[in-house]
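These notes are about the structure you will find just below.
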Amino acid sequence: MRYVLVLNQFALPLDQGGGTRHAELFDQLDGWSAYIMAGNRNHYSQDRFATTDGRFDLIPVPAQAGTPARRLVSWLVYSLRVFFRSFRRRPLHLVYASSPHLFAPLAGLAIARLRRVPLIVEVRDLWPESMVAAGVLRRGGRVHRAFAELEKFVLNAADRVVAVTPGWRDHFASLGIEESRVAVVPNGADPWESSGYNRSTMREHLGLTGFSAVFAGAHGSANGLDLILEAAGALPDINFILMGNGPAKAVTIAQAEEQKLMNVEFWDGVPKDSLMEVLAAFDVGIHSLAPMSVLEKGASPNKLFDYVAAGILAVSNCDSGLRLVFPDDKSVILGPADSLTETVSRARNMDDDERSRRLEVGRQILDEHYSRANSRRKLHEVISGVVGSSGSGPG
């Protein structure tokens with residue numbers, strides 16, 4: 124058995140709602156056992172949580188809601204604590220450290236060098252480029268330059284880089300990283316087997332009536348929630364459910380109340396292990412992002428894959444970043460940033476035959492390219508190849 128230390132402050136187990144990529148990817152990897160060191164706060168709600176998943180080692184971290192300084196402190200506390208706690212874990216064959224913030228991979232680099240094992244850095248967000256696009260950092264400013272140097276240093280020091288989309292290869296090349304050192308392990312979801320599922324009963328349980336659209340995911344400034352409210356205002360005969368948590372939720376609720384949007388409801392998130400049966404009760408799933416140029420390089424959104432896996436029609440306002448994933452307008456309905464009114468309306472008016480065809484094509488794309496099973500196979504090849512080529516024993 125080989126052992127991999129996974130560092131991701133925001134990783135969540137399946138009994139939480141949110142980013143469960145690593146809990147799923149490192150499940151049942153033949154010949155491998157994972158230790159996942161994550162912060163003990165749900166990234167979306169900032170509430171502390173506990174789990175029965177024995178792979179998780181929860182690191183106490185301060186809440187990061189509020190000012191940029193609080194986020195920075197939380198990142199640094201996590202990274203320092205995982206560095207010291209990692210030496211309790213023996214044996215160790217590999218460190219797998221994930222962004223978006225790169226202090227975790229920096230700690231991973233130190234651990235890997237001291238334990239004399241390889242390091243893989245996973246890039247799930249082009250950080251700090253995404254912070255510039257979101258208006259959090261000023262390009263060329265002192266902090267941005269420091270973070271950009273950190274990105275270049277950490278990625279070049281890694282034995283391998285894993286990305287979630289092939290659209291970022293040019294960015295990596297600009298940092299001096301050869302294409303052969305970059306592997307793509309996309310986000311995704313396993314197609315849900317709905318045998319025995321009673322949709323009518325679930326809709327009644329959830330209180331759903333009429334055509335209902337769901338946004339399931341983080342409620343943050345980057346998620347374009349104002350664009351969903353705009354669509355809800357233009358389509359009063361459609362129910363809009365925003366399900367999840369995040370720093371922008373309270374503001375979005377206040378906006379909906381101010382606009383007197385009677386067709387909008389806000390629900391708490393649900394654990395990932397019960398998400399599919401909830402999503403399947405809806406008519407359409409919404410993937411929404413605020414307009415950011417960085418998204419044009421490529422995207423790999425979990426929530427969009429979840430909608431497809433649940434067997435509901437999906438729409439997104441991130442067409443330029445998703446054409447590599449869902450091409451030819453045959454499955455997910457894609458449009459530009461301001462398209463949600465049009466795409467949700469199009470989904471509502473779609474006849475049963477076209478809806479069925481789109482759902483089938485989406486399921487084929489998911490099954491062939493973006494299932495968790497496929498991603499696990501790719502991940503297994505990458506981590507086994509890195510450890511095999513390094514020739515190092517357990518650290």
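Numbers 124 to 518, taken from our numbering, label the letters of the sequence shown in order.
C-beta atoms are modelled at their ideal positions from N, C-alpha and C, and glycine is treated no differently.
In whole angstroms, what separates the C-alpha of ARG481 from that of PRO394? Approximately 27 angstroms between the Cα atoms of the pair.
Quick check on the DSSP output: what are the complete alpha helix (DSSP H) runs of length 4 or more inside the segment 298-362, in order along the chain? Within the segment 298-362, the complete alpha helix (DSSP H) runs of at least 4 residues are 322-329, 348-357.
List the whole-angstrom C-beta distance separating VAL200 from ALA220, where the pair is believed to meet the contact cut-off of C-beta under 8 angstroms. VAL200 to ALA220, Cβ: 16 angstroms. No contact.
Counting beta carbon pairs with one atom in the segment 218-232 and one in the segment 259-276, are three or more of them shorter than 8 angstroms? Contact between the segment 259-276 and the segment 218-232 is present: 3 or more CB-CB pairs across the two stretches fall below 8 angstroms.
For VAL505 versus ARG247, is the C-beta spacing smaller than 8 angstroms? Taking C-beta atoms as the reference points, VAL505 and ARG247 fail to come closer than 8 angstroms.
Sub-8 angstroms separation of LEU352 and ALA371 beta-carbons: Their beta carbons are not under 8 angstroms apart, which means LEU352 does not touch ALA371 by this criterion.
Can at least three beta-carbon pairs, one atom from the segment 306-315 and one from the segment 482-502, be found at a separation below 8 angstroms? The answer is yes - the segment 482-502 touches the segment 306-315, with three or more Cβ pairs under 8 angstroms.
Candidates HIS216, GLU252, PHE206: which alpha carbon is nearest LEU242's? Here the closest residue by C-alpha is HIS216.
For my contact list, MET399 and TRP315 are in at a C-beta cut-off of 8 angstroms; report their separation, rounded to the angstrom. For MET399 against TRP315, the beta-carbon gap comes to about 4 angstroms, under 8 angstroms, which counts as contact.
Looking at the structure shown, is ASP282 part of a helix, part of a strand, or coil, going by DSSP? Here ASP282 sits in coil by DSSP.
From the DSSP output, read off the bridge partner residues of VAL407. Looking at the DSSP assignment, VAL407 forms a beta bridge with ALA336, LEU436.
Please determine if the segment 419-438 and the segment 374-392 are in contact, where contact requires at least 3 C-beta pairs separated by less than 8 angstroms. The segment 419-438 is not in contact with the segment 374-392.
Find out if the Cβ-Cβ distance for the pair GLU152, VAL218 is shorter than 8 angstroms. Looking at the sequence shown, residue 152 is not Glu but Leu. In this structure, LEU152 lies away from VAL218, with their beta-carbon atoms at least 8 angstroms apart.
Hey, would you say GLY141 sits closer than 8 angstroms to GLY343, going by beta carbons? Not closer than 8 angstroms, so no.
Sufficient close CB pairs (3 or more, under 8 angstroms) joining the segment 132-147 to the segment 171-180: The segment 132-147, when compared against the segment 171-180, does touch it at the 8 angstroms Cβ threshold.
DSSP state of ARG164, grouped into three classes? ARG164: strand per DSSP, three-state reduction.
Out of PHE210, PHE449, ASP293, SER443, point me to the one whose CA is closest to GLY231's CA. In terms of Cα proximity to GLY231, the closest of PHE210, PHE449, ASP293, SER443 is PHE210.
Cβ-based burial, GLU301 [other Cβ within 10 Å; buried from 16]: With fewer than 16 neighbouring CB atoms inside 10 Å of its own CB, GLU301 falls in the exposed class.
Nearest neighbour of HIS145, chosen from ALA280, LEU502, ALA186 [CA to CA]: When only C-alpha atoms are compared, the closest one is LEU502.
Using the Cα positions of GLY333 and SER411, report the straight-line distance between them to the nearest angstrom. Computed Cα separation, rounded: 22 angstroms.
At what residue ranges does the segment 134-215 contain a whole run of the alpha helix (DSSP H), taking only runs of 4 or more? Every alpha helix (DSSP H) of 4 residues or more that sits fully in the segment 134-215 is shown, in chain order, as 144-148, 191-208.
For LEU402 and ARG236, what's the separation of their Cα atoms in angstroms? A straight line joining the alpha-carbon of LEU402 with that of ARG236 spans about 44 angstroms.
For HIS492, count neighbouring Cβ atoms within 10 angstroms of its own Cβ and tell me buried if that reaches 16, exposed if not. Within 10 angstroms of the beta-carbon of HIS492 lie fewer than 16 other beta-carbons, which makes it exposed.
Give every residue of the same chain whose Cβ lies closer than 6 angstroms to the Cβ of LEU229, excluding the five residues on either side of it in the sequence, and list them in chain order. Once the five neighbours on either side are set aside, the close Cβ partners of LEU229 are VAL277.
Rounded to the nearest angstrom, what separates ASN472 and ALA286 at their Cα positions? Roughly 37 angstroms between the two C-alpha positions.
Classify PRO359: buried if its beta carbon has 16 or more other beta carbons within 10 angstroms, exposed otherwise. It is exposed - the Cβ of PRO359 has fewer than 16 other Cβ atoms within 10 Å.
If the criterion is Cβ atoms closer than 8 angstroms, does the pair GLN187 and SER197 meet it? The answer is yes: Cβ separation under 8 angstroms.
Would you call the CB atoms of ASP474 and LEU436 closer than 8 angstroms? Contact: no.
Determine, using beta-carbon pairs with one atom in the segment 484-491 and one in the segment 439-459, whether at least three such pairs fall under 8 angstroms. Touching, yes, given that three or more Cβ pairs across the two stretches are closer than 8 angstroms.
Is it true that the CB of GLY367 sits closer than 8 angstroms to the CB of ILE340? Note on residue identity: the sequence assigns Gly, not Ile, to residue 340. Yes, they are a contact pair.
Only counting the same chain, and skipping five residues up and downstream in sequence, which positions put a Cβ closer than 6 angstroms to that of ASP176? The residues are PRO136.
Could you pull the start and end residues of the alpha helix (DSSP H) that ARG238 belongs to? Boundaries of the alpha helix (DSSP H) around ARG238: 226-238.
From which residue to which residue does the beta strand (DSSP E) around ARG125 run? Bounds of the beta strand (DSSP E) holding ARG125 are 125-130.
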